[in-house]
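Down below is the structure, laid out as structure tokens.
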Amino acid sequence: MGKARIYMDWNATAPLLPEARAAMLSALDCAGNPSSVHAEGRKARQMIEAARRAVARLCDTLPAHVTFTSGATEAANQVLTPVFHMGRTPVCVSRLYVSATEHPAVLSGGRFDRGSLCVLPVDADGLIDLVALDAALAAHDRALGLPMVAVMLANNETGVIQPIADVAAHVRRAGGLLVVDAVQAADRLPLSIEALGADFLVLSAHKIGGPKGVGALVSRGEVLMPAPLMRGGGQEKGHRSGTENAAAIAGFGAAADMAAQDIEARMAGIAALRDRLEEGLRTAAPDLLIHGARVPRIGNTSLVTLPGLKGETLQIALDLEGIAVSSGSACSSGKVGRSPVLDAMGFTAEEGALRLSLGAATTADEVDRVIAAFARVVARKRLAGAAA
Ligand code: PLP
1 MGKARIYMDW NATAPLLPEA RAAMLSALDC AGNPSSVHAE GRKARQMIEA
51 ARRAVARLCD TLPAHVTFTS GATEAANQVL TPVFHMGRTP VCVSRLYVSA
101 TEHPAVLSGG RFDRGSLCVL PVDADGLIDL VALDAALAAH DRALGLPMVA
151 VMLANNETGV IQPIADVAAH VRRAGGLLVV DAVQAADRLP LSIEALGADF
201 LVLSAHKIGG PKGVGALVSR GEVLMPAPLM RGGGQEKGHR SGTENAAAIA
251 GFGAAADMAA QDIEARMAGI AALRDRLEEG LRTAAPDLLI HGARVPRIGN
301 TSLVTLPGLK GETLQIALDL EGIAVSSGSA CSSGKVGRSP VLDAMGFTAE
351 EGALRLSLGA ATTADEVDRV IAAFARVVAR KRLAGAAA
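Numbering (this note's numbering), first residue to last: 1 to 388.
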């Protein structure tokens with residue numbers, strides 16, 4: 001029998017946790033509609049509310065501040081809108097400022113039109129340019145509406161951690177709203193909407209060991225809320241209509257419970273393996289470039305470029321060796337091309353990059369096998385290149 005495959009693409013999606021699977025199976029067996037008042041309905045409601053408490057705990061906030069959605073993309077589209085309400089009073093947001101390395105779910109600007117979207121530069125390490133943010137906010141015309149800023153906590157390709165507390169201080173001074181995409185940080189960094197100074201967080205279950213197709217919009221309070229994206233039966237207190245996907249939400253809750261436990265110890269172990277991996281890859285290819293390595297990164301992610309070898313070529317060769325990695329972001333099916341994140345960081349080499357992302361189930365043996373396979377692939381490709 002051949003060796004088991006190695007999964008090192010946790011930033012694309014994390015394997016479903018057994019706890020999430022068990023919670024989903026028991027929710028699937030519950031027949032009630034969570035909005036029904038009979039016992040079956042109340043049982044489904046209880047499962048959803050338990051999940052809401054777990055997601056709230058993960059973000060250090062109150063359950064009432066969690067709105068379940070079909071994923072982070074929907075949560076981003078819900079919150080990135082010019083129309084907010086404070087109670088019954090409409091509040092206008094006139095311009096959206098986003099960092100250039102945001103995930104497409106945010107970079108596309110949600111419900112703002114193109115002309116109201118301002119993309120802020122990042123430096124060579126991928127960190128947002130705070131001077132540019134300050135200048136943009138200083139030039140913002142408040143007579144037209146509030147400014148909204150969206151900056152991610154950790155980048156999906158590089159793992160680079162943005163200085164959100166500094167960003168929040170700038171946004172606060174300008175009287176604006178701050179939206180933080182915490183999708184890649186949720187089970188990798190301690191998460192507190194208060195400590196971050198964010199007004200809204202965007203989360204996705206499938207990046208933390210929950211199922212795909214469920215996420216949440218988490219708000220700091222309950223007073224100022226975005227106009228709903230989904231209107232209808234008034235579920236989720238009117239913020240997101242449609243019968244709740246109780247099984248997916250239950251799985252998300254179980255994953256959130258697990259994510260909140262022992263983050264620091266878990267991440268210390270994963271980061272040690274990531275460092276071992278990078279050391280091994282560098283030994284195999286001393287000209288390897290590691291993107292974002294000079295600044296704080298989440299401990300599971302490594303985005304590398306090898307001069308003269310395309311990321312895509314390396315990815316395919318490693319896949320044939322039984323190893324799942326990605327060449328850049330894998331969020332849109334099979335789309336391979338230059339990385340917009342690296343472009344934004346001013347890295348314009350044609351090779352593209354290879355992303356290796358580890359998780360709680362990654363072992364030292366797997367890391368060593370990936371290093372050995374990488375060394376074989378690079379030697380083979382470079383030999384073939386030299387002979388050509
Ligand atoms: N934001 C980031 C940083 C991501 O990595 C992803 C993942 O694809 C998303 C948003 C979108 O999440 P979802 O798949 O739940 O729509």
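All C-beta atoms, glycine included, are put in the ideal place defined by N, C-alpha and C.
Asked                                                                                                                                                         : Found
Please determine, among V218, A136, M267, R297, the residue with the shortest C-alpha to C-alpha distance to Q78.                                             : V218
Applying the criterion that 16 or more other CB atoms from any shown protein chain within 10 Å of the CB defines a buried residue, is Q235 buried or exposed? : buried
Would M24 and L224 qualify as a contact pair, given that the criterion is a beta-carbon distance under 7 Å?                                                   : no
Does the beta-carbon of H291, which I'm using as the reference point, lie nearer than 6 Å to any heavy atom of the ligand PLP?                                : no
Short check: CB of E157 to CB of V37, under 7 Å?                                                                                                              : no
Could you have a look at G234 and say whether DSSP puts it in helix, strand or coil?                                                                          : coil
Is C92 buried or exposed, if buried means 16 or more other CB atoms sit within 10 Å of its CB?                                                                : exposed
Mapping DSSP to helix, strand and coil, what is P226?                                                                                                         : strand
Out of K310, G359, E351, point me to the one whose CA is closest to L273's CA.                                                                                : G359
Would you call the segment 366-382 and the segment 318-329 in contact, with 3 or more CB pairs under 8 Å?                                                     : yes
Pick from S204, T67, H291: whose alpha carbon is nearest that of A12?                                                                                         : S204
Here's the rule: buried if 16 or more other CB atoms are within 10 angstroms of the residue's CB, otherwise exposed. What is P18?                             : exposed
Would you tell me roughly how many angstroms separate the C-alpha atoms of A284 and L306, rounded to the nearest one?                                         : 11 Å
Suppose contacts are defined by Cβ-Cβ distances below 7 Å. Is D9 in contact with S326 by that definition?                                                     : yes
Roughly how many whole angstroms lie between the Cα atoms of T81 and R369?                                                                                    : 46 Å
In the DSSP assignment, the alpha helix (DSSP H) including M148 goes from what residue to what residue?                                                       : No alpha helix (DSSP H) holds M148; the beta strand (DSSP E) holding it covers 146-150.
I'd like to know if the segment 61-78 and the segment 191-205 are in contact, where contact means that at least 3 CB-CB pairs between them fall below 8 Å.    : yes
Out of A271, M148, G292, A139, which one is the CA nearest neighbour of Y97?                                                                                  : M148
Quick check on DSSP: helix, strand or coil for S26?                                                                                                           : helix
Just how far apart, CA to CA, sit G71 and V214?                                                                                                               : 4 Å
Smallest Cα separation from L177: which of K237, A39, A44, L137?                                                                                              : L137
Just to check, is the beta-carbon of V377 closer than 6 Å to a non-hydrogen atom of the ligand PLP?                                                           : no
Assign A20 to buried or exposed, taking buried as 16 or more other Cβ atoms, counted over all protein chains shown, within 10 Å of its Cβ.                    : buried
Does the structure place the segment 246-261 close enough to the segment 46-57 that three or more beta carbon pairs sit under 8 Å?                            : yes
Only counting runs of 4 or more residues, tell me where the alpha helix (DSSP H) segments fall wholly within the segment 107-171, in order along the chain.   : 130-138
Is any heavy atom of the ligand PLP found at a distance shorter than 6 Å from the C-beta of A56?                                                              : no
Using three-state DSSP, classify D368 as helix, strand or coil.                                                                                               : helix
May I have the straight-line CA-CA distance separating S329 from E350, to the nearest angstrom?                                                               : Low confidence applies to S329: its pLDDT is 47, below 50, so where it sits in the model is not reliable enough to give any reading.
For K207, count neighbouring Cβ atoms within 10 angstroms of its own Cβ and tell me buried if that reaches 16, exposed if not.                                : buried
When we look at the beta-carbon of V66 and count the other beta-carbons within 10 Å, is it buried (16 or more) or exposed?                                    : buried
Taking 7 Å as the CB-CB cut-off, is G269 touching chain C?                                                                                                    : Chain labels in this structure do not include chain C; a single protein chain is all it has.
Starting from the Cα of T362, find the closest Cα among A268, L127, L189 and give me that residue.                                                            : A268
Can the beta-carbon of A271 be found closer than 7 Å to that of G299?                                                                                         : yes
Helix, strand or coil for L191? Go by DSSP, reduced to three states.                                                                                          : coil
Given a threshold of 16 other Cβ atoms within 10 Å of its Cβ, counted over all protein chains shown, does T101 qualify as buried or as exposed?               : buried
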